[in-house]
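K.L.:
So the sequence shown is numbered by the working numbering: it starts at 4 and just counts up by one.
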Amino acid sequence: MTKRSPKSEKLTQDQQWSAWAAAAQQGDKKAYNNLLRDIAPYIRAVIAPTLADPDWADDITQNVLISVHKSLSTYSPKRSFKPWLNAITNFRRTDFLRCHYSRRKDKQTSLEDPNFIRNHVTNPAHAGEYKDIEGALAALPKKQRKIFEMIKIQGYTAKEVAKEMGMSVSAVKVSAHRTSNQLKEKLG
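(1) Residue 142: which of 172, 182, 25 sits nearest, CA to CA?
(2) Helix, strand or coil: how does DSSP classify residue 43 here?
(3) Within 8 Å, do at least three Cβ pairs link the region 88-108 to the region 57-74?
(4) Measure the C-alpha to C-alpha separation of residue 154 and residue 138 and round it to an integer number of angstroms.
(5) Using CA atoms only, rank isn't needed, just tell me which of 44, 52, 39 is closest to residue 1.
(6) Sorted by chain position, which residues of the same chain lie with C-beta nearer than 8 Å to residue 163's C-beta, five sequence neighbours on each side aside?
(7) Return the chain-ordered list of same chain residues with a C-beta closer than 6 Å to the C-beta of residue 67, the five sequence neighbours on each side being excluded.
(8) Is there a Cβ of chain B sitting closer than 9 Å to that of residue 25, yes or no?
(9) What's the C-alpha gap between residue 189 and residue 51?
(10) Please work out which residues of its chain come closer than 7 Å, Cβ to Cβ, to residue 178, disregarding the five sequence neighbours upstream and downstream, and give them in chain order.
(11) As a quick exercise: from 161, 186, 165, pick the residue whose alpha carbon is nearest that of residue 144.
(12) Whose C-alpha, out of 169, 15, 81, 89, is nearest the C-alpha of residue 25?
(13) Using the rule of at least 16 other Cβ atoms within 10 Å of the residue's Cβ for burial, across every protein chain shown, is residue 235 buried or exposed?
(14) Within the same chain, show all residues whose beta-carbon is closer than 7 Å to that of residue 57, passing over the 5 residues directly before and after it, in chain order.
(15) Please report how far the alpha carbon of residue 79 lies from the alpha carbon of residue 103, in whole angstroms.
(16) Should residue 55 be labelled buried (16 or more other beta-carbon atoms within 10 Å of its own) or exposed?
(17) Count the other CB atoms within 10 Å of the CB of residue 161; is the residue buried (16 or more) or exposed (fewer)?
(18) For the putative contact between residue 85 and residue 17, defined by C-beta atoms under 8 Å, what is the C-beta separation to the nearest angstrom?
(19) Using the beta-carbon count (16 or more within 10 Å), is residue 42 buried or exposed?
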């Protein structure tokens, strides 16, 4: 029975990455470069299908590579490399999307925001939009319209509206939410 040398066995991708990571921790620049070059396409392949915009994959991949660089000293060569890399990839993707969508939120218009209604609906430049909203509100039952207008346009709290209308706070919230959804659907 002959013994195989470790070099004659083909390493799995994870084993190879683990070996390169361990060597990179010891200062092996070639192993470090090999590791980063080899994991970049993997990262891109993992995240690209999960993104709305394929261009984001490159940005997130760069963020992951930077994180791997910064935290390589925390990697334990006794453990599998791929789960460690996947955790970083998931965190970076989540951070990127959270940041992207929080910026996007500022650009969206919403019937949920009383400031939007005050600043845009009452602006003569938006008269056509105002007529659409006005028509949609007029089509609502009187009680439903009053609740919506008091909360979303006039800025009353659900508790104040409930007291004024003789309803429970939860019923007021449900009515306002349903009305908001109906208007969003009508106004597209």
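Just so you know, even glycine gets a beta-carbon here, dropped at the ideal spot from N, CA and C.
P.N.:
A quick look at the data gives this:
(1) Numbered from 1 along the sequence shown, position 139 holds the residue referred to as residue 142. The residue with the shortest Cα to Cα distance from residue 142 is 182.
(2) One-based indexing of the sequence shown puts residue 43 at position 40. Residue state, collapsed to three classes: helix.
(3) yes
(4) Residue mapping note: residue 154 aligns to position 151 of the sequence shown, counting from 1. Residue mapping note: residue 138 aligns to position 135 of the sequence shown, counting from 1. Near 18 Å, if we compare the C-alpha coordinates of residue 138 and residue 154.
(5) The first residue shown for the chain is 4 and the last is 191, placing residue 1 beyond what the model contains.
(6) Against the sequence shown, residue 163 aligns to sequence position 160. Excluding residues within five positions, the ones whose Cβ falls inside 8 Å are 153.
(7) Translated into the one-based positions of the sequence shown, residue 67 becomes position 64. Taken in chain order, the residues that qualify are 46, 91, 92, 95.
(8) Considering every chain present, this structure includes no chain B. It has just one protein chain.
(9) Taking the first residue of the sequence shown as 1, we reach residue 189 at position 186. Taking the first residue of the sequence shown as 1, we reach residue 51 at position 48. Distance between the alpha carbons of residue 189 and residue 51 is about 34 Å.
(10) Walking along the sequence shown from the start, residue 178 turns up at place 175. Once the five neighbours on either side are set aside, the close Cβ partners of residue 178 are 147, 150.
(11) Position 141 of the sequence shown, counted from the first residue, corresponds to residue 144. Of 161, 186, 165, the residue nearest in Cα terms is 186.
(12) Position 22 of the sequence shown, counted from the start, is the residue given in the question as residue 25. Taking only the C-alpha atoms, the option nearest residue 25 is 81.
(13) This structure cannot settle anything about residue 235, because the visible part of the chain is limited to 4 through 191.
(14) As a working mapping, residue 57 is identified with position 54 in the sequence shown. Counting only Cβ-Cβ distances below 7 Å, and skipping sequence neighbours, we find 51.
(15) Here the question's residue 79 lines up with position 76 in the sequence shown. Here the question's residue 103 lines up with position 100 in the sequence shown. Cα-Cα distance, rounded: 32 Å.
(16) On the sequence shown, position 52 is the one that residue 55 refers to. Answer is exposed; the Cβ neighbour count stays below 16.
(17) Translated into the one-based positions of the sequence shown, residue 161 becomes position 158. Looking at its Cβ environment, which holds 16 or more other Cβ atoms inside 10 Å, residue 161 is buried.
(18) Taking the first residue of the sequence shown as 1, we reach residue 85 at position 82. Taking the first residue of the sequence shown as 1, we reach residue 17 at position 14. Indeed, because the Cβ distance is near 5 Å, the residues count as touching under 8 Å.
(19) Taking the sequence shown and counting its residues from 1, one reaches residue 42 at position 39. Buried, because 16 or more other Cβ atoms sit within 10 Å of the Cβ of residue 42.
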